[in-house]
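Taking it in order: structure first as structure tokens, then the write-up.
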Amino acid sequence: MNSEAKNIIRVARLYYEEGLNQQEIATEMQLSRSTVSRLLERARKEGFVEIRVINPYDHDQDLARALQRRFNLKACVITPSGVSERTSRRAIGLAAAGLLNEILKGGDVLGISWGATLYELAINLNGVTPRAVQVVPLLGGMGQLPRHFQVNELAHMIAQAFGGTAYALHAPALVGSAEVKKALINDSSLSTEIGLWSQVTVAVVGIGPPISVSPMLSTNYFGDNDVLALMHQGAVGDICARFFNGYGRLCQAPVNERIIAVDLEMLQQVPTVIGVAGGPEKVRSILGALRGRWINILVTDLSTAEELMRSAREDRTE
1 MNSEAKNIIR VARLYYEEGL NQQEIATEMQ LSRSTVSRLL ERARKEGFVE
51 IRVINPYDHD QDLARALQRR FNLKACVITP SGVSERTSRR AIGLAAAGLL
101 NEILKGGDVL GISWGATLYE LAINLNGVTP RAVQVVPLLG GMGQLPRHFQ
151 VNELAHMIAQ AFGGTAYALH APALVGSAEV KKALINDSSL STEIGLWSQV
201 TVAVVGIGPP ISVSPMLSTN YFGDNDVLAL MHQGAVGDIC ARFFNGYGRL
251 CQAPVNERII AVDLEMLQQV PTVIGVAGGP EKVRSILGAL RGRWINILVT
301 DLSTAEELMR SAREDRTE
């Protein structure tokens, strides 16, 4: 190695590894500043130094593309995993709000479900451009559960943010008998809202956890036999109170006859269905929703996305 090459390497090490500026290097090596500048330029041009920009979000983007391809999604958005379930949920809700603002256009009919992540979406629709949209609940309410399960309130919040029209579905999601359900859905007071289900152009839905830990169990509507029947069929999650198993197949349980909610087969015909969910307890639930093709856009957090991709790879090796 000649003396010129040694000088190039030494100058490069002092500048890039030890953090000295050009004047400090010139003083230490007893060179002119212009010589130091010239040697640094040669270090870059002649391959002594390789400069790379590391984007910490490249992994997220690669993972999002991989999930999009694997499950034939229109899009996949991955948010950073928070230090707690709540912070992760907020990040998902914020990202979903931004996505909805991009997708939703005047004249759209937006169908929504319920859940804590949907609530985070609703409260983060600040400063969106007004547009003439209609917002309709895709299932009835749960009066005994927290605010984020009050779907009519969520519909009002979202419609208000966009300057659109909210419709309220004045019925519970789960009633005591099939006869009560039939009477309610045939009632003229619900015909407008239920009629809008077939006109929905964009839907945003939460994905519920396995039946064994579902918040709906805290209501009086689910009997022991209902829970046992769903568990027997391997219910891993739900969308709009419609439970499915790990393969995404709908659970055929008697409780279905008492649920006032959009059928998932009808939801599947909606052009854009955004699923918003995250957390370790929902990995199997989200995976079931993806396998069943009940959603075509996913917004989730990084840790959940990594687990989903790991499970997808295991599918291919079985």
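For the sequence shown, the UniProt record's numbering assigns the number 1 to the initial residue and increments by one for each residue that follows. Note that CB positions come from ideal geometry on N, CA and C, so glycine has one too. Predicted, not measured: the structure shown is a model, and the values here were computed from it.
Inset, instruction - Within the same chain, show all residues whose beta-carbon is closer than 7 Å to that of A97, passing over the 5 residues directly before and after it, in chain order. - result: L121, N124, L125
Inset, instruction - Just tell me which of I295, R284, I297 has its CA closest to the CA of S311. - result: R284
Inset, instruction - Output the residue ranges of the alpha helix (DSSP H) runs that lie fully inside the UniProt domain "RNA polymerase sigma-70 region 4" (13–45) and measure 4 residues or longer, sorted by chain position. - result: 22–29, 33–45
Inset, instruction - Can you say whether P210 is buried or exposed, counting buried as having 16 or more other CB atoms within 10 angstroms of its CB? - result: buried
Inset, instruction - Please go through the same chain and pick out, in chain order, the residues whose beta-carbon is closer than 6 Å to the beta-carbon of G127, but skip the five residues on each side of it. - result: none
Legend entry - Candidates S37, N21, L67: closest to L302 by CA position: L67
Legend entry - Status (buried if at least 16 other CB within 10 Å, exposed otherwise) for T317: The predicted position of T317 is uncertain, since its pLDDT is 42 and thus under 50; a value taken from the coordinates is nonetheless stated next. Exposed, by the Cβ-count rule.
Inset, instruction - Please state if the CB of I239 and the CB of I207 are separated by a distance shorter than 7 Å. - result: yes
Inset, instruction - Pull up the distance between the alpha-carbon of N186 and that of G111, whole angstroms please. - result: 20 Å
Legend entry - Test: S214 CB closer than 7 Å to a CB of chain C: No chain C is part of this structure, which consists of one protein chain only.
Inset, instruction - Write down the C-beta distance between A95 and V299 rounded to the nearest angstrom, noting that I regard them as a contact closer than 8 Å. - result: 5 Å
Legend entry - Length of the line joining the Cα atoms of E265 and E17: 60 Å
Legend entry - Nonlocal neighbours in the same chain, by C-beta distance under 6 Å from E257, ignoring five residues either side: A178
Legend entry - Residue environment, E193, which counts as buried when at least 16 other CB atoms sit within 10 Å: buried
Legend entry - Beta-carbon separation (whole angstroms), A203 vs V255, contact threshold 8 Å: About 22 Å separates the two Cβ atoms, so there is no contact after all.
Inset, instruction - For T87, name the three-state secondary structure that DSSP assigns. - result: helix
Legend entry - Reduced DSSP category for A235 - H, G, I as helix; E, B as strand; rest coil: strand
Inset, instruction - Can you tell me the Cβ-Cβ gap for V109 and Q150, rounded? I've got them flagged as a contact below 8 Å. - result: Not a contact, Cβ separation roughly 20 Å.
Legend entry - Limits of the unbroken alpha helix (DSSP H) element including I123: 116–123
Inset, instruction - To the nearest angstrom, report how far apart L40 and I9 are at their CA atoms. - result: 9 Å
Legend entry - Endpoints, beta strand (DSSP E) assigned at T79: 75–79
Inset, instruction - For the beta strand (DSSP E) containing F244, list its first residue and its last residue. - result: 242–245
Inset, instruction - Take L308 and list the residues in its own chain whose beta-carbon comes closer than 8 Å to its own, dropping the five residues that flank it on each side. - result: L67, V283, I286, L287, L290, T300
Inset, instruction - Note the first and the last residue of the continuous beta strand (DSSP E) segment covering T272. - result: 272–276
Legend entry - CA-to-CA distance, R249 to L184, given in whole angstroms: 27 Å
Inset, instruction - Spell out the partners DSSP gives V135 in its beta bridges. - result: L110, A166
Legend entry - beta strand (DSSP E) segment containing T192, residue limits: That residue, T192, is in no beta strand (DSSP E); its alpha helix (DSSP H) goes 191–196.
Inset, instruction - Whole angstroms is fine: what's the gap from L104's alpha carbon to L196's? - result: 17 Å
Inset, instruction - Taking the CB atoms as reference points, tell me whether I297 and A75 lie closer together than 7 Å. - result: yes
Inset, instruction - Could you check if R44 is buried or exposed, using at least 16 other CB atoms within 10 Å of its CB as the buried criterion? - result: exposed
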